[in-house]
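Below: the structure, in structure tokens.
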Amino acid sequence: MRKFLAVVKREYLKIVWSKTFILSTLFIPLAGLIFSFVPLLMMTIEGDATHLVIIDQSGKMSETVAKMLTENQDFAPDDENETEPLAQINTSQQDKIKEASQKIKAQFVVEDFDSKSMPLEQIKRDLNERLRGQKLDAYLVIPADLKNAPFELYARNASNLTIRPRVKNALNQAVRRVRMKDENISPEKLDAINRDVELNSNRVDDIGETEDSGESFLLYFGIGLLLMLTLTLYGQSILAAVVEEKETRIAEILFSSARPFTLMMGKIVGVGLSALTQLGIWILSIIMIGLYVLPQLARAGVGISLPQLSPAFFILVIVYFLIGFFTYATIYALIGSMVTTVQEGGQFALIAIIPLMGSFYSIFPVMNSPNSNLSIWLSLLPFTAPLVMPVRVAAQTPPLWQIGLSMILNIATVVALTWLASRIYRIGMLMYGKKATIPEVLRWIRQS
Amino acid sequence: MNENKITLHVAGVTKRYGDFAAVDDLSFDVRAGRIFGFLGPNGAGKTSTIRMIVGITAPDDGKIELFGQTVSPQLQDRIGYLPEERGLYRKMKIVDQLRYFAALKNLDGKHADTAIDFWLKRVGLPEWKNKKASDLSKGMQQKIQFISAVIHDPDLVILDEPFSGLDPINVEILQDIVLELKAAGKTIIFSTHLMSTAEKLCDDILLINRSRKVLAGSLREVKASFNKNLIALRVVGGETILEDKNLVSKITAHADELEILLADDADPQILLQRLIETGAKITKFELIEPSLNDIFIEEIKETPLLSKVAN
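These protein sequence lines are chains A and B, in that order.
If you're matching positions, the first sequence starts at 1 in our numbering and goes up one per residue.
If you're matching positions, the second sequence starts at 449 in our numbering and goes up one per residue.
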């Protein structure tokens, strides 16, 4: 046992203290944070209010537009409907969002310019001067004829990007109000007419009806991707570790101290624990992002909502991860013991990569029809089940007997592979100089 | 240490790989507290035999008893093995590697640390303790590998070509350590094809070729049995005597001396006497004991001048 633990410890520490591990562990959640937080920060921290001048040639618009731009009212962009996720967020977060969105909205200082005092050309010249002198951020020219003439926004290039959509939105609303007023429709009536429909997607399964938003697609995809990446990366790292011991001829010293099986399992378990460590850190940071970042993002215009998932589901994911890990890690270790260099191992690694990629791509059809024959078979069979079953369960819980059968089949596969490995590993590791041929390997299995 | 106590008993051991017998019906004993030279040309079956002794592979036939028990994983902890094909983890610190190898021999951390400091000092590398293996020269790495074989204070130390690639000073250091281990009562199996080293260190030898035993016994006995009446001679004159077929069967001329092989049953004393009588000037007359190297080459060539097998 001391020997087994020594191997586990060595493999674990070797990986966990490596630069690659530390960087990838930190970088991936960090990248997630950067991509989600930074736009938000830029919007909130941007600071000074935008100084906008309105030249209203129609005389009917400026007041409404100014009100739209400065007033603290719901400011959902016209042609996108992003407000839904708010319903799922708890109160304290809602407060935070209000705070943030107030900051965003308080950013316009609007100045009404008397357009009748001098000719338009003169005004524009003056205002252009103020723009260049940075005393003004933008000005808006509202034409006398609201129906046909275009509205003109003048701004320094950089600010144009952030100002334009908001001004456009405010204008649209204001113009609509003016048009409706002309048609004798009250703003209240208009709001009633304009209200978006609500479309809730609901999923029905054995557990019952649960509300499900379309974004769970991202989650299934994310789970599949995470599993595939981890299995491939850590499989490769087992391959490299095995080949190192073979190449540097350490294997013989090791085998004279401990059983090859102990050594191989120690290696797989050590690498597996480091993979779990990394997955754990990632999952934690995903949960953090889900709790604190997503609500803010939603407010900033990117709506992602996570479907409600039970702890049982996460346990299932971990169990299938472990099954998948032992399946593929054993294959990678075997490949490592049979080849002479990592490069050579890379070619043979296709044996493991093809079923991994296959199951990853089958996530899409499985998500679409989780109870098709294809989905059922893929979630039962060894090699594909570790990736497909969690996705299938996430999409729609299959009958329990199928989960049970799938686990039995896959655990049996792991046992069989380990048995096979215990026969091949020792002989492969002590064979230097040339890679093993298939007939040779078959003979090893028979003989040992 | 009891001279006759047997550490290792190998009886009728055969190991086959496919149709090829790497070791064929091999039997020998290794006595406790002695240095046992396990000799043979490349591919003779030395490594295959050692692998069975240390429990990496199992014999197809025959039995191997170590310390009076059949070889088992538990016994592995009492063996220190320095394989011919050996290495270190390139990117791991020396101290960590040694700790790891010690743990694999069931040595606890505290004892391992004491042993690591002792051995690093003993081979003159204490300041390399926290360096990575890739920073060390090949000779240094080899000394570290040597440490990994003895760190757990094993009762049986098996060294396969331990000195290959080392400079004379380091060879000296390791030879001293081997002799110290012997003095401490350890049994040492020493595999090599360098006969000069074996001659210097070994108490007993076993010579194998083509998977089979060729020769075994104590170094003294083996040499005695190979005494071929060879004489190194430096002389002016006396040619007629040397041509006497009743005395001399063969003359080999070396740079400044002659190597004389006496005829069967000829007495070296008579040759010397007759040379003096003819008035030849003799500056050297020496009875040569056959070197292990000569014995090795002769046996392996399978054209023995004397078909005598000791033991």
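By construction, the Cβ of each residue, glycine as well, lies at the ideal position given by its N, Cα and C atoms.
Since we're looking at a predicted model, the values are computed, not measured.
Exercise for review: List the whole-angstrom C-beta distance separating E245(A) from M429(A), where the pair is believed to meet the contact cut-off of C-beta under 8 angstroms.
Suggested key: Rounded, the Cβ-Cβ distance is 7 angstroms, consistent with contact.
Exercise for review: Decide if the stretch 496-514 of chain B is in contact with the stretch 264-278 of chain A; the criterion is three or more beta carbon pairs, one per stretch, under 8 angstroms apart.
Suggested key: Result no; under three Cβ-Cβ pairs closer than 8 angstroms.
Point to revise | Cβ shell of N741(B) (< 6 angstroms), same chain only, five flanking positions each side left out | key: Excluding positions up to five away in sequence, the list reads M643.
**Study point:** Spatial distance of L546(B) from V662(B) (CA atoms)
**Key:** Whole-angstrom Cα-Cα distance: 38 angstroms.
Check your understanding: Applying the criterion that 16 or more other CB atoms from any shown protein chain within 10 Å of the CB defines a buried residue, is V458(B) buried or exposed?
Key -> It is buried - the Cβ of V458(B) has at least 16 other Cβ atoms within 10 Å.
Check your understanding: chain B beta carbons: is any one of them nearer than 8 angstroms to that of R392(A)?
Key -> No, R392(A) lies away from the interface with chain B (no Cβ there is under 8 angstroms from its Cβ).
Check your understanding: Can you name, in chain order, every residue of its own chain whose Cβ lies under 8 angstroms from the Cβ of V598(B), other than the five neighbours on each side?
Key -> Excluding positions up to five away in sequence, the list reads G528, W567, V605, I625, L629.
Review point. At which residue ranges does the stretch 506-538 of chain B contain complete beta strand (DSSP E) runs of 3 or more residues, listed in the order of the chain?
Key: Listed in chain order, the complete beta strand (DSSP E) runs (minimum 3 residues) inside the stretch 506-538 of chain B are 509-514, 527-530.
Review point. Do you know whose CA, among A170(A), F4(A), I250(A), G133(A), lies nearest I54(A)'s CA?
Key: Minimum Cα distance to I54(A) is reached at A170(A).
Check your understanding: Any Cβ of chain B within less than 8 angstroms of the Cβ of E11(A)?
Key -> Closer than 8 angstroms: no.
Check your understanding: If we cut at 8 angstroms on Cβ distances, does P610(B) have a partner in chain A?
Key -> Not closer than 8 angstroms to any Cβ of chain A, the Cβ of P610(B) fails to qualify, so no.
Check your understanding: So what's K541(B) in DSSP terms, helix, strand or just coil?
Key -> Three-state result, K541(B): strand.
**Study point:** Closest Cα partner of L140(A) within the set G133(A), R132(A), I163(A)
**Key:** Of G133(A), R132(A), I163(A), the residue nearest in Cα terms is I163(A).
Exercise for review: Mind checking the stretch 551-585 of chain B against chain A and listing, in chain order, the residues whose C-beta falls within less than 7 angstroms of any C-beta there?
Suggested key: Result list: A551, L552, K553, N554.
Check your understanding: Among G685(B), K494(B), E734(B), which residue has its Cα nearest to the Cα of E725(B)?
Key -> Nearest C-alpha to E725(B): G685(B).
Review point. What's the call for W444(A), buried or exposed, on a 16-neighbour Cβ count within 10 Å?
Key: Buried, because 16 or more other Cβ atoms sit within 10 Å of the Cβ of W444(A).
Point to revise | C-alpha gap between T731(B) and H702(B), whole angstroms | key: Roughly 15 angstroms between the two C-alpha positions.
Exercise for review: Return no unless some Cβ of chain A is closer than 8 angstroms to the Cβ of G535(B).
Suggested key: So yes, G535(B) belongs to the interface.
Check your understanding: Is there at least one Cβ from chain B nearer than 8 angstroms to R446(A)'s Cβ?
Key -> Interface annotation, R446(A): not in contact with chain B, CB-CB separation never under 8 angstroms.
Check your understanding: Does DSSP classify D473(B) as helix, strand or coil?
Key -> Here D473(B) sits in strand by DSSP.
Practice item. From the DSSP output, in three-state form, read off N371(A) for me. Key: Of the three classes helix, strand and coil, the one that applies to N371(A) here is coil, per DSSP.
Practice item. Measure from the alpha carbon of K698(B) to the alpha carbon of each residue in T688(B), L678(B), E705(B), P716(B), then state which is nearest. Key: Closest option to K698(B), Cα to Cα, is L678(B).
Review point. At what residue ranges does the stretch 551-601 of chain B contain a whole run of the alpha helix (DSSP H), taking only runs of 4 or more?
Key: Segments of the alpha helix (DSSP H) lying fully in the stretch 551-601 of chain B: 557-570, 586-598.
**Study point:** CB contact flag (S808(B), D603(B), <8 angstroms)
**Key:** What the structure shows of chain B is the stretch from 449 to 759, and residue 808(B) is not part of that stretch, so it cannot be assessed.
Point to revise | With 16 other Cβ atoms within 10 Å as the buried cut-off, status of G51(A) | key: The sequence given here places His at residue 51(A); Gly does not occur at that position. Of the residues assessed, H51(A) falls on the buried side of the cut-off, its CB having 16 or more other CB atoms within 10 angstroms.
Point to revise | Contacts around F348(A), its chain only, beta-carbon distance under 8 angstroms, and the 5 residues preceding and following it disregarded | key: Excluding positions up to five away in sequence, the list reads I335, M338, V339.
Review point. Using a C-beta to C-beta distance shorter than 9 angstroms, which residues of chain A count as neighbours of I504(B)?
Key: Residues of chain A with a Cβ closer than 9 angstroms to the Cβ of I504(B) are, in chain order, E252, F255, S256, P260, R426, L430.
**Study point:** Residues within the stretch 161-174 of chain A neighbouring chain B, beta-carbon criterion of under 9 angstroms
**Key:** Taking 9 angstroms as the Cβ-Cβ cut-off against chain B, none of the residues of the stretch 161-174 of chain A qualify.
Practice item. Alpha carbon to alpha carbon, how far is P295(A) from P85(A)? Give it in angstroms, no decimals. Key: Reliability of the predicted coordinates at P85(A) is poor, the pLDDT of 41 falling under 50, and the value obtained from them is presented with this limitation in mind. Per the coordinates, the alpha-carbon of P85(A) lies some 8 angstroms from the alpha-carbon of P295(A).
Exercise for review: Compile a chain-ordered list of the residues in the stretch 521-534 of chain B whose CB is closer than 9 angstroms to at least one CB of chain A.
Suggested key: Residues passing the 9 angstroms Cβ filter: P521, Q524, D525, I527, G528, Y529, L530, P531, E532, E533, R534.
Exercise for review: Look up E681(B) in the DSSP assignment and say whether it is helix, strand or coil.
Suggested key: With the sequence shown as reference, residue 681(B) is identified as Leu, and Glu is not the correct amino acid for it. Three-state result, L681(B): strand.
Exercise for review: Starting from Y154(A), trace the beta strand (DSSP E) both ways and give me its first and last residue.
Suggested key: Run containing Y154(A): 152-155, per the beta strand (DSSP E) assignment.
**Study point:** Where R249(A) meets chain B, residues with beta-carbon distance less than 8 angstroms
**Key:** Within chain B, the residues near R249(A) are P531, E533, R534, G535.
**Study point:** CB contact check: R423(A) to chain B, cutoff 8 angstroms
**Key:** No - not a single Cβ of chain B is within 8 angstroms of the one on R423(A).
**Study point:** Range covered by the alpha helix (DSSP H) that runs through S422(A)
**Key:** 400-430 is the span of the alpha helix (DSSP H), which, as asked, contains S422(A).
Check your understanding: What three-state label does DSSP hand V197(A) in the structure shown?
Key -> Here DSSP, grouped into helix, strand and coil, assigns V197(A) to coil.
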